[in-house]
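The block underneath contains the structure these notes are about, expressed in structure tokens.
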Amino acid sequence: MPLTVYLIGALLAFVGGALSFYFYGVYKGIINEKQWWIPSILHVSSETCTRVIDTHYGKHFSLSNVLVGIPFMFGYGIILWETGRGNISTTIPFSMGIISIVIGIYLIYGLMKLHMHCKICYTVHSINLIIFLLQFSV
């Protein structure tokens, strides 16, 4: 994959990490729901969207998915960037993409089972899918 495609993937991963950070910050009450750097369509409410964190669908190995997702997304971005520079094998970001897709399917299934519709969750999962599909663009 050319450097520009990896750079786009890295930037998308950083955006996904920032959205996850915002989501968790609102959940914990340390970030106000209305932030200028978050599009208003993605603003979450502590009474709605963030409730998924407290369900069994929102945890993996007793850790909140979002707490795992934030460092994963930033690490994914760094790995994509370094792969584009030729410093890391392409199998590593590809494997990370598969993991993110499988977990994303499970989490979207959980949202559907709980009858919760979380635009920011769908956005981050879509970002993961786009990054994964970009890896086929060579």
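Plus 11 on top of the position in the sequence shown (first one is 1) and you've got the numbering used here. For each residue, glycine too, the CB sits at the ideal point set by N, CA and C.
Span separating the alpha-carbon of V113 from that of N98: Taking the straight line from one Cα to the other gives about 26 Å.
Nearest-angstrom Cα separation, counted from R62 out to K45: Computed Cα separation, rounded: 18 Å.
Cβ-based neighbour list, L30, same chain, cut-off 6 Å, excluding 5 preceding and 5 following: These residues qualify, in order along the chain: I131 and V135.
Residue interval of the alpha helix (DSSP H) (run including F25): First-last of the alpha helix (DSSP H) with F25: L14 to K39.
Beta-carbon proximity of Y17 to T94, cut-off 8 Å: Yes.
Cβ-based neighbour list, L23, same chain, cut-off 7 Å, excluding 5 preceding and 5 following: Result list for L23: I138, I141 and I142, in chain order.
Chain-order list of residues whose beta-carbon lies under 7 Å from that of I90 (same chain, five-residue window excluded): Closer than 7 Å at the Cβ level, and outside the excluded window around I90, lie I99, I103, P104 and M107.
With 16 other Cβ atoms within 10 Å as the buried cut-off, status of Y117: Per the 10 Å Cβ criterion, exposed.
Coarse secondary structure for L125, derived from DSSP in three states: If DSSP states are grouped into helix, strand and coil, L125 belongs with coil.
Inter-residue Cα distance where the pair is F25 and M127: One C-alpha to the other measures close to 25 Å.
Spatial distance of I42 from S75 (CA atoms): Distance between the alpha carbons of I42 and S75: 18 Å.
N-terminal and C-terminal residue of the alpha helix (DSSP H) that F55 is part of: The question names Phe, but residue 55 is Val in the sequence shown. In the DSSP assignment, V55 falls outside any alpha helix (DSSP H), carrying neither H nor E.
Simplified DSSP state of M106, which is helix, strand or coil: Here the sequence assigns Ser to residue 106, which means Met is not the residue at that position. In the three-state scheme derived from DSSP, where H, G and I count as helix and E and B as strand, S106 is classed as helix.
CA-to-CA distance, I64 to K70, given in whole angstroms: CA-CA distance, K70 to I64, rounds to 7 Å.
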